[in-house]
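According to my numbering, the residues represented by the sequence shown are 35 to 216, in order.
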Amino acid sequence: TQLLMGASNAVLLYYKQMFAGLAIGAGILYLWKKTPGGKFHWNNFLLHLPVFGMLLRYVALSRFTRGLSSLIHSGIPIVKSLQIDAEAVGSEVYRKRVLLAAEDVSRGIPLAENLTDSKFLFPEMLVSMIAIGEQTAEIAPVCDKIADYYEAEVDQMAANMSKLLEPFIMVTMGIVVGGLIL
């Protein structure tokens with residue numbers, strides 16, 4: 035009770051300073067995220083989150099493979115396709131990695147071989163399927179299949195998360211109400 039009363043008094047006495055501190059902190063974070071380094075580090079942080087990070091990686095992989103497939107189907111050379119696709123992936127971490135891959139592909143290094151060293155960003159299954167697509171000269175249809183797979187995974191993860199959040203919210207509410215009652 036004393037802890038709750040003390041917290042209440044602190045908020046009543048210092049709410050202006052707390053609000054100003056939060057606003058300044060949010061503003062600094064917002065401006066930092068707009069810088070190239072801040073944007074990269076923020077995206078990297080989000081990709082490493084336990085559950086949401088995997089969801090964000092799957093979304094980026096789906097966008098990457100779907101975009102690459104569409105561009106190659108349109109007759110655009112693979113290096114130019116990778117450069118265009120890098121801007122559409124939606125993650126600064128993936129953008130930089132795909133641009134590096136485009137440079138290496140322009141030097142003659144196969145795309146799959148290039149992506150092998152980034153196991154966190156590009157899972158082995160994806161790299162293996164791209165390698166098969168490169169060997170059979172059917173990279174666009176293979177990328178379509180990869181995109182379908184990751185889109186289905188994203189849908190499944192989103193459905194599972196909504197089911198898991200309900201009990202979590204109930205437990206949190208129970209703890210808060212129980213703490214107040216105690």
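Cβ atoms here follow ideal geometry from the backbone N, Cα and C, with glycine treated the same way.
All values derive from a computational prediction rather than experimental measurement.
Drop a sphere of 10 angstroms on the beta-carbon of residue i, count the other beta-carbons inside from all chains shown, and report buried for 16 or more, exposed for fewer.
i	result
Glu126	buried
Leu214	exposed
Asn148	buried
Tyr128	buried
Thr206	exposed
Leu105	buried
Val123	buried
Leu95	buried
Val93	buried
Ala57	exposed
Ala221	This structure does not reach residue 221, given that the chain is present from 35 up to 216, and the question cannot be answered.
Leu47	exposed
Tyr49	exposed
Leu37	exposed
CA-CA distance, residue i and residue j?
i	j	result
Val45	Gly59	18 Å
Ile112	Ile118	10 Å
Met204	Asn77	30 Å
Gly208	Phe202	10 Å
Leu199	Val85	12 Å
Leu145	His75	25 Å
Asn274	Val132	In the structure displayed, the chain extends from 35 to 216; residue 274 sits before or after that span and is not available.
Gly212	Met52	27 Å
Lys197	Glu158	29 Å
Cys177	Ala192	22 Å
Ile164	Leu63	38 Å
Glu185	Leu134	25 Å
What are the start and end residues of the alpha helix (DSSP H) that includes residue i?
i	result
Ile118	112 to 122
His107	86 to 107
Phe79	70 to 81
Gly208	173 to 215
Asp138	126 to 140
Val149	The displayed chain sequence assigns Leu, not Val, to residue 149. 145 to 149 is the span of the alpha helix (DSSP H), which, as asked, contains Leu149.
Leu242	In the structure displayed, the chain extends from 35 to 216; residue 242 sits before or after that span and is not available.
Which whole-angstrom value describes the C-beta separation of residue i and residue j, a residue pair presumed to lie in contact below a C-beta threshold of 8 Å?
i	j	result
Ala136	Leu116	4 Å
Leu81	Gly72	Not a contact, Cβ separation roughly 15 Å.
Ala181	Arg100	4 Å
Leu155	Arg97	With a Cβ gap of about 13 Å, Leu155 and Arg97 do not count as contacting.
Val188	Leu89	6 Å
Does the segment 59 to 68 come within contact of the segment 131 to 143, defined as at least 3 CB pairs closer than 8 Å?
no
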